[in-house]
Amino acid sequence: MSATRLSKGGRIDRSQPLRFTWDGRSYQGFAGDTLASALMANGERVLGRSFKYHRPRGIMSAGVEESGAIVTLGTGNRAEPNTKATMVELYDGLVASGQNAWPNVRNDIGAALGVFGRFFSAGFYYKTFMGLPPFEWGRGTGLWMQYEKIIRKAAGMGEASREADPDSYDHLHAFCDVLVVGSGIAGLNAALRAAQQGKDVILVEQDYTLGGDLLNQADQAAEDTRSELIAALESADVRIMTRTTAFGLYDYGTAGLLQRVSDHLAVKTEHCPRQRFWTVRAAATILATGALERTVAFENNDRPGVMTVNAARSYLNRFGILPGQNIVLSTNNDSTYEVAAELAGAGARVTLVDLRAAAPAALVDQTRGAGVQLKTGLAPLRALGHKAVTGVQLARPNRNNWVAAETLPCDLLLVSAGWSPVVNLLSHRGAKPVWDQTLACFLPAPCAENVTMAGSAAGHWDAKSCAASGRTAADQALGLPKEDLARLGWETPITPLYEVRLPGKKTKSFVDPQHDVTAADVRLAHQEGFVSVEHLKRYTTLGMATDQGKMGNVIGLALMAEALGKEIPAVGTTRFRPPYTPVAIGALAGRNTGSHFKVLRRTPLHDWNLRHGATMTDAGLWHRPWYFARKGETITEAYIREATTVRQTLGICDVSSLGKIAVQGPDASEFLNRIYSNAFAKLAVGKARYGIMLRDDGMVMDDGTTWRLSENDFLLTTTTTGAGKVMVWLEELLQLRWPELKVHVTSVSDQWAGVSVAGPQTRQAIAACLEDPDAISAENLPFMGVRETRLKSGIKCLIARISFSGELAYELYVPANRGEAMMEMLWAASEPLGGCLYGLEALGTLRIEKGHVTGAELDGRVTIDDAGLGKMASTKKPFIGSALRQRPELERADRPQLVGIFPKDRSESFNGGALLCKPDEISGFGEGWITAVTHSPAMGHWIGLGYISGGQEAWQGKVVTATDPVRKGDVAVEIVSPHMFDPKGERMHG
523 MSATRLSKGG RIDRSQPLRF TWDGRSYQGF AGDTLASALM ANGERVLGRS
573 FKYHRPRGIM SAGVEESGAI VTLGTGNRAE PNTKATMVEL YDGLVASGQN
623 AWPNVRNDIG AALGVFGRFF SAGFYYKTFM GLPPFEWGRG TGLWMQYEKI
673 IRKAAGMGEA SREADPDSYD HLHAFCDVLV VGSGIAGLNA ALRAAQQGKD
723 VILVEQDYTL GGDLLNQADQ AAEDTRSELI AALESADVRI MTRTTAFGLY
773 DYGTAGLLQR VSDHLAVKTE HCPRQRFWTV RAAATILATG ALERTVAFEN
823 NDRPGVMTVN AARSYLNRFG ILPGQNIVLS TNNDSTYEVA AELAGAGARV
873 TLVDLRAAAP AALVDQTRGA GVQLKTGLAP LRALGHKAVT GVQLARPNRN
923 NWVAAETLPC DLLLVSAGWS PVVNLLSHRG AKPVWDQTLA CFLPAPCAEN
973 VTMAGSAAGH WDAKSCAASG RTAADQALGL PKEDLARLGW ETPITPLYEV
1023 RLPGKKTKSF VDPQHDVTAA DVRLAHQEGF VSVEHLKRYT TLGMATDQGK
1073 MGNVIGLALM AEALGKEIPA VGTTRFRPPY TPVAIGALAG RNTGSHFKVL
1123 RRTPLHDWNL RHGATMTDAG LWHRPWYFAR KGETITEAYI REATTVRQTL
1173 GICDVSSLGK IAVQGPDASE FLNRIYSNAF AKLAVGKARY GIMLRDDGMV
1223 MDDGTTWRLS ENDFLLTTTT TGAGKVMVWL EELLQLRWPE LKVHVTSVSD
1273 QWAGVSVAGP QTRQAIAACL EDPDAISAEN LPFMGVRETR LKSGIKCLIA
1323 RISFSGELAY ELYVPANRGE AMMEMLWAAS EPLGGCLYGL EALGTLRIEK
1373 GHVTGAELDG RVTIDDAGLG KMASTKKPFI GSALRQRPEL ERADRPQLVG
1423 IFPKDRSESF NGGALLCKPD EISGFGEGWI TAVTHSPAMG HWIGLGYISG
1473 GQEAWQGKVV TATDPVRKGD VAVEIVSPHM FDPKGERMHG
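Below, the structure written as structure tokens:
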């Protein structure tokens, strides 16, 4: 390849020179170049090394199908391997390097592996290493495990950075009437037609500018057409998204887009994302994704200097580069004749080799008039040269075989064996492409969804037909009368061409150059029994990784069909899956990294808690106080002190994160009566009730208290982690199951700041903060009572007498913006009484002592009876789960039931998650498991909650082993009542 930059022509801006670095060498390109075109213009031929054999690879195409020029961009924490140089927009300061080679791609020691290439055929690793005898200490795979370490070091293409990604990524959503993918002449016409019908249109193009193949054409008429269409689109307010790839189509008109926002910028600003991941939902989708030019399998068809014909046209007319001086162009179709004339007109010596015996007279005259030498009935048999093409040996078909013919010198071999419409995105929707024998390609099949193909993606090859198909696709997508268009092939039919080789001769003819899959590998797969096209793909790695079948898919299928003695339609095709082109993991993650890995919610009291010494922890999506350590205290010392203080005086705990749902309407009580296992229809105004909510299958879903504020107004509370799940469930019930109920549900979790104040002196502390101190007296606010009152500063406050700790306790709720004011008053009244602030760790201790269940016990596997709350389930009304909870399997007497757990030796401890087993049968899943443990200051030793077969009665007086071999070992424990502290509830009813 003796490429030279032309003094004029192309779409590059010669007034804007750009400096970039390749393998440590500094070069110059121009604005409008890609990395591939800039390297070509600077005389670089070898840009990569192949996966297995480390063969030299150059530029093979000009688009996403590139299999040779695969490079690493950047260094350090911005190193990005396996990037196609043909898709990298050049910018000033760009740094790129070769990969999969040492010391560099020009001189790679790994090329010595090519000597042993005959041993590295498909399935090489499995057949060679896993079949070898093991080392004496191994059994079956011992030696393989040693080989694997070496193989893994040699495997792969490029090396990912191990440093943290410094860039940011965005996730965005958009909606439109019509999404058009591709901005060739078909896509431009489709978008314009839809916009003219008054539709909201988004036009997506992976290139940095619009035009598709119009950008590769030299005539002014093509540029005029492009400019006029773009101007019309802008006037019609079409949303144009360049540098954006549609990588996948999903259910209900959803498309995944990747927008490269700052990849092309020399300076990455802190607040500008590198890429945006778009989720677009469209009523209709038009795919004008174009077609990819196919090559041919012949010996050494991977040499630097072998390229597709249309790629050469792109480098000539778009980038102003004559890619070779002495060019041989091999074809079997009409599309290459105009390119041959353009190359010759630019000063190259061009020989056009057509497999067909005759071509259209007009095309022949055009090429000969340009000085192109035409040879017919020939195809390439073997590329000559090592690191660059020096010539090509041709072959002539002879019945069902080939015979060697003349040899032509050349520095560039261009190949065109037909075109493959890009049907990948349509395939994502399950539409299996259909083989067209006349055009020798897979064409899109009808899709049950509103997804329409247009242009060459639908098998239209000339510009006029493509433009018409774009308009027709828009009409079809919008449900308008459409024009029936015949697919226009070439004037002279294509002669299918997939492989050229002499009978019985072993050659390195590559089907998938990126993965070093040869034609021989395909035949070997057939020989070894892999007759399915999906098995062929996995056995040979054909079309995997970044290629996804773009280059070698059709050739591989044709060779498999030949081996099976079938036609290509009988073999079928692999199903293309997302993504169409690679998507960075950073883009998938978006901003959900580090502390933002998941949504973070803070209660209205978050800052107040921090100012008063809280150490925070995650509780579902919330940050909640974990413990309030004094100077020098450990977490253990802190939570034991906090729990002790609550039992002796009082403590204040932030419970704002509890789920809160307003249930309102004339049928609200009936609705609650149906979803809870216990009765709610006659709950009095001003009272609260603890309820258990079951799933349809009878298992416990969530628990909480519900307060009746007025006749038709309830406040339903849920666990912190169950709020979202319960809210969605209630909405689904009202929308789908009981739409006749007049009920409205609203999440009000963020509306309220809430605290729980618990302990013997609770009433005294709260009363000091109220305008009416008697509002919370035992007579005015009995256990499970609810009332509205005001704090001394006039803050509206809801108070419920509810206890999760087993102590006299109240929950207070005020508007979120008054939360800190409430806490200041409560803390001022509590601190002189010796009260404390307490967090989740102490709260866990208190509830375990009392035997109250949380999500650790209600984990989706237990029934209301398993949790010891079966008496709550009403026998007088149906409720969700009431029927299936009575299945015989769920009523077995030996089901695991909730119990308390003491260590036999009170000085010992045990861990949550340990299995409970019979002392002489420590195996399998045991008899039960431990859900929660704590050191109990009230008991003076470690205690726990868990489940064991048959419950407390079955194990009364028996020793059980808590086995935890990974962390602690075996500990002898006793099974006791889960209500280990104040079982009669005298303290909380005081």
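Heads up, the sequence shown is in our numbering, so the first residue is 523 and it goes up one at a time.
Just so it is clear, CB atoms sit at the ideal spot from N, CA and C, and this is done for glycine as well.
task: Take Y1335 and list the residues in its own chain whose beta-carbon comes closer than 6 angstroms to its own, dropping the five residues that flank it on each side.
output: In the sequence shown, residue 1335 corresponds to position 813, counting from 1. Contacts found: W1274, G1276, L1320.
Residue ranges of each beta strand (DSSP E) within the region 705-774, 3 or longer: 723-726, 761-763, 766-772
Integer Cβ distance of T912 from K897, believed to fall under 8 angstroms: The residue given as residue 912 occupies position 390 in the sequence shown. The residue given as residue 897 occupies position 375 in the sequence shown. With a Cβ gap of about 19 angstroms, T912 and K897 do not count as contacting.
query: What residues in its chain sit with their C-beta under 8 angstroms from that of E588, if we drop five residues either side in the sequence?
result: By 1-based counting over the sequence shown, the position of residue 588 is 66. Excluding positions up to five away in sequence, the list reads A558, I581, M582, K606, A607, T608, M609.
query: For H1118, which of helix, strand or coil comes out of DSSP?
result: Taking the sequence shown and counting its residues from 1, the one referred to as residue 1118 is at position 596. Looking at H1118 - three-state DSSP - the assignment turns out to be helix.
field: Inter-residue spacing [alpha-carbon to alpha-carbon] between K671 and L935
entry: On the sequence shown, residue 671 is found 149 positions in, with the first residue counted as 1. On the sequence shown, residue 935 is found 413 positions in, with the first residue counted as 1. If you take the alpha carbons of K671 and L935, they lie about 40 angstroms apart.
- prompt: Between the Cα of G981 and the Cα atoms of A1008, K1004, R993, which residue gives the shortest distance?
  reply: The count along the sequence shown starts at 1 and reaches residue 981 at position 459. Measuring from the Cα of G981, the nearest candidate turns out to be A1008.
task: Counting only the same chain and skipping the five closest in sequence on each side, list residues whose C-beta sits under 8 angstroms from that of H1145.
output: Position 623 of the sequence shown, counted from the first residue, corresponds to residue 1145. Here the set comprises L1122, R1123, R1124, T1125, H1128, M1138, T1139.
task: Have a look at F1098 and H950 and give me their C-alpha separation to the nearest angstrom.
output: One-based indexing of the sequence shown puts residue 1098 at position 576. One-based indexing of the sequence shown puts residue 950 at position 428. Rounded to whole angstroms, F1098 to H950 spans 6 angstroms at the Cα level.
query: Would the region 609-625 and the region 570-581 be scored as touching if the rule is three or more Cβ pairs under 8 angstroms?
result: yes
field: Presumed contact (8 angstroms Cβ cut-off) between Y1149 and G1361, rounded CB distance
entry: To locate residue 1149, count along the sequence shown from 1; it is residue 627. To locate residue 1361, count along the sequence shown from 1; it is residue 839. About 4 angstroms; that satisfies the 8 angstroms criterion.
- request: Mark A1160 as exposed unless 16 or more other C-beta atoms lie within 10 angstroms of its C-beta, in which case mark it buried.
  value: Within the sequence shown, residue 1160 is the residue found at index 638, counting from 1. Here A1160 is buried: its Cβ has 16 or more other Cβ atoms, across all protein chains shown, within 10 Å.
task: Give the secondary structure of P603 by DSSP, where H, G and I count as helix, E and B as strand, and everything else as coil.
output: On the sequence shown, residue 603 is found 81 positions in, with the first residue counted as 1. Strand, per DSSP.
- prompt: With a CB to CB cut of under 6 angstroms and the five nearest residues on each side skipped, what residues in its chain are close to I1016?
  reply: Here the question's residue 1016 lines up with position 494 in the sequence shown. Hits under 6 angstroms: N854, N855, G940, A962.
- prompt: What's the gap between the Cα of A1109 and the Cα of T1115?
  reply: If you number the sequence shown from 1, residue 1109 lands on position 587. If you number the sequence shown from 1, residue 1115 lands on position 593. Their Cα atoms are separated by approximately 11 angstroms.
- request: Return yes when the C-beta of T1115 is under 8 angstroms from any heavy atom of the ligand ATP, and no when it is not.
  value: Because no ligand of any kind appears in the structure shown, any question about the ligand ATP cannot be addressed here.
task: Answer yes if the region 954-973 comes into contact with the region 791-799, meaning at least three C-beta pairs across the two stretches below 8 angstroms, and no otherwise.
output: no
- request: Below 8 angstroms on the Cβ atoms is my guess for T1241 versus D1219; work out the distance and round it to an integer in Å.
  value: Counted from its first residue, the sequence shown places residue 1241 at position 719. Counted from its first residue, the sequence shown places residue 1219 at position 697. That belief does not hold up - the Cβ atoms of T1241 and D1219 are roughly 19 angstroms apart, past 8 angstroms.
message: Only counting the same chain, and skipping five residues up and downstream in sequence, which positions put a Cβ closer than 6 angstroms to that of W1130?
response: Here residue 1130 refers to the residue found at position 608 of the sequence shown. Here the set comprises E1342, M1345.
task: Give every residue of the same chain whose Cβ lies closer than 8 angstroms to the Cβ of V1168, excluding the five residues on either side of it in the sequence, and list them in chain order.
output: For this step, residue 1168 is matched to residue 646 along the sequence shown. Taken in chain order, the residues that qualify are A1280, G1281, S1327, E1329, C1358, Y1360, A1364, L1368.
- prompt: Is there contact between the region 796-806 and the region 690-701, where contact requires at least three CB pairs shorter than 8 angstroms?
  reply: The region 796-806 is in contact with the region 690-701.
- prompt: The alpha helix (DSSP H) spanning L1320 covers which residue range?
  reply: Counted from its first residue, the sequence shown places residue 1320 at position 798. Per DSSP, L1320 lies in no alpha helix (DSSP H) segment; the continuous beta strand (DSSP E) that holds it begins and ends at 1318-1322.
field: CB contact flag (A1083, V1093, <9 angstroms)
entry: What you label residue 1083 is simply residue 561 of the sequence shown in a count that begins at 1. What you label residue 1093 is simply residue 571 of the sequence shown in a count that begins at 1. Contact flag set, yes.
task: Could you give the DSSP three-state label for L900: helix, strand or coil?
output: Reading the sequence shown from its first residue, position 378 is the one you call residue 900. If DSSP states are grouped into helix, strand and coil, L900 belongs with coil.
field: Of the residues A883, A754, D741, A879, the one placed nearest G867, counting alpha carbons only
entry: Taking the first residue of the sequence shown as 1, we reach residue 867 at position 345. Residue D741 is the option with its Cα nearest to G867.
query: Name the DSSP bridge partner or partners of A696?
result: What you label residue 696 is simply residue 174 of the sequence shown in a count that begins at 1. Answer by DSSP bridge pairing, in chain order: V802.
- request: Output yes or no for whether 9 angstroms exceeds the beta carbon distance between V1384 and V1222.
  value: Position 862 of the sequence shown, counting from 1, holds the residue named residue 1384. Position 700 of the sequence shown, counting from 1, holds the residue named residue 1222. Less than 9 angstroms divides the Cβ of V1384 from the Cβ of V1222.
task: Pull up the DSSP beta-bridge partners for H588, would you.
output: As a position in the sequence shown, residue 588 is number 66, starting the count at 1. For the record, residue 588 in the displayed sequence is Glu; it is not His. Partner(s): none; E588 has no beta bridge.
- request: In the DSSP assignment, find the alpha helix (DSSP H) that holds K1247 and state where it starts and stops.
  value: Mapped onto the sequence shown, residue 1247 falls at position 725. Start and end: 1245-1254.
- prompt: Does the Cβ-Cβ distance between D1416 and S1471 come in under 9 angstroms?
  reply: Walking along the sequence shown from the start, residue 1416 turns up at place 894. Walking along the sequence shown from the start, residue 1471 turns up at place 949. Yes.
- request: Along the beta strand (DSSP E) that carries G940, what are the first and last residues, could you check?
  value: For the purposes of this step, residue 940 is taken as the residue at position 418 of the sequence shown. G940 -> no beta strand (DSSP E), and no H or E assigned at all.
- request: Return the residue from the list G1142, P1100, C1175 that minimises the CA-CA distance to A1136.
  value: Within the sequence shown, numbered from 1, the residue matching residue 1136 stands at position 614. It is C1175 whose Cα lies nearest to the Cα of A1136.
query: Which residues does DSSP pair with C963 in a beta bridge?
result: The sequence position of residue 963 within the sequence shown is 441, counting from 1. Answer by DSSP bridge pairing, in chain order: D958.
- request: Measure the C-alpha to C-alpha separation of K1247 and V1267 and round it to an integer number of angstroms.
  value: On the sequence shown, position 725 is the one that residue 1247 refers to. On the sequence shown, position 745 is the one that residue 1267 refers to. Each residue's alpha carbon lies about 14 angstroms from the other.
field: Opening and closing residue of the beta strand (DSSP E) in which P1091 lies
entry: Residue numbering aside, residue 1091 sits at position 569 when the sequence shown is read from its first letter. From DSSP, P1091 is part of no beta strand (DSSP E) but of the alpha helix (DSSP H) over 1090-1093.
- prompt: What are the start and end residues of the alpha helix (DSSP H) that includes I1157?
  reply: Your numbering for residue 1157 matches position 635 in the sequence shown. First-last of the alpha helix (DSSP H) with I1157: 1157-1170.
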